[in-house]
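A.B. asks: Just passing along the structure, written as C-alpha cells.
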Amino acid sequence: MKNPSDDRPRISGTRFIDADSEPRARFSLSASYRDQHHPVTGTGGDPNFGAIDTPVDESCVVCAPATRRLAEELFDRWNDALKTGDADRVTDCYAEDAVLLPTVSNVPRTTRDEIRDYFRHFLEKRPEGTITQRNVKFGCNKLTDAGTYTFRVRDGGEVRDVPARYTFVYENRDGEWKIVHHHSSMMPGSD
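Residue numbers (this note's numbering): -9 to 181.
What follows is the structure in C-alpha cells.
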C-alpha cells in the first residue's frame, strides 16, 4: 500500500519526516544514533530507511577554525615578512588571485607581479605596522580583519608614524590561509 505522504514534496535533503504520521514514526537528527552500527544521521529505527537528512551523493564543506588569535597571527606573519625587506616573502602571503589596494599608490594591484612590484618600492621605507584597533568577522574558510594600524616608516634619516585604515580578507585554500583582499589607506588628514 502506498503512503499518501510519498506524493508530497520533501524538504530538500530530508526523507521520511511526515508531520501527519504517528509520533513514533517521526524522526529527527536528535533521534539519530552516532555509532558504528548506524549511519551518522541514521533514523535510529528501521535500518532500511538509511540516513534521514542528507542524500548519499551530497557533498560537504569542512570549515577551517578561525579565531581572533588566528587574525593576530596572520597579521604578524605579514608584518614579519615586511620586516625582512624581501618583496617575494611578502607576496607569498597573498593568494594567486589577490587584490591589493595599497596605502601609497593609486594603482590597484591584481596580479602577483603587481603586488610584488608595489612591495619592492614600499619596503625601501622599512615599514613596520602596529594594530591600534581591529574588528574580526568569521566565515567558512574566510576571515576578515578590519581596523586601524600605524606604520612606522623611514624616509632618508627621518622616521615617522603614519596612521592608516586597513581591511585584510583571508581565505583558507588547501589548508593554508592567504590574503585574498587587502585595502589600506591613510587616515584623512594624514600627510
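Backbone N, C-alpha and C define an ideal beta-carbon position, used for all residues, glycine too.
What you are looking at is a predicted structure, and each value in this text was computed from that prediction instead of being measured.
Helix, strand or coil for ALA77? Go by DSSP, reduced to three states.
C.D. replies: Helix at ALA77.
A.B. asks: So, PHE141 versus GLY119, is the Cβ gap smaller than 8 angstroms?
C.D. replies: Yes, Cβ-Cβ distance for PHE141 and GLY119 is below 8 angstroms.
A.B. asks: So what does HIS111 bridge to, in DSSP terms?
C.D. replies: None; HIS111 has no bridge partner.
A.B. asks: Give every residue of the same chain whose Cβ lies closer than 6 angstroms to the Cβ of PHE156, excluding the five residues on either side of it in the sequence, and list them in chain order.
C.D. replies: Contrary to the premise, residue 156 reads as Tyr rather than Phe in this sequence. Hits under 6 angstroms: TYR139, SER174.
A.B. asks: Going by C-alpha distance, which of ASP82, GLU114, GLY129 is nearest THR101?
C.D. replies: Here the closest residue by C-alpha is ASP82.
A.B. asks: In the structure shown, what three-state DSSP assignment does ARG116 receive?
C.D. replies: Reduced to three states, the DSSP call for ARG116 is coil.
A.B. asks: Does the contact criterion of 3 or more C-beta pairs under 8 angstroms hold for the region 116 to 135 versus the region 51 to 59?
C.D. replies: Yes, they touch.
A.B. asks: Is ASP135 helix, strand or coil by DSSP?
C.D. replies: Reduced to three states, the DSSP call for ASP135 is strand.
A.B. asks: Verify whether the separation of the beta carbon atoms of HIS171 and VAL159 is less than 8 angstroms.
C.D. replies: A contact, by the Cβ cut-off of 8 angstroms.
A.B. asks: Can the beta-carbon of LEU113 be found closer than 8 angstroms to that of ALA77?
C.D. replies: Yes, they are a contact pair.
A.B. asks: Starting from ARG106, follow its DSSP beta bridges and name the residues at the other end.
C.D. replies: In DSSP, ARG106 forms no bridge with anything.
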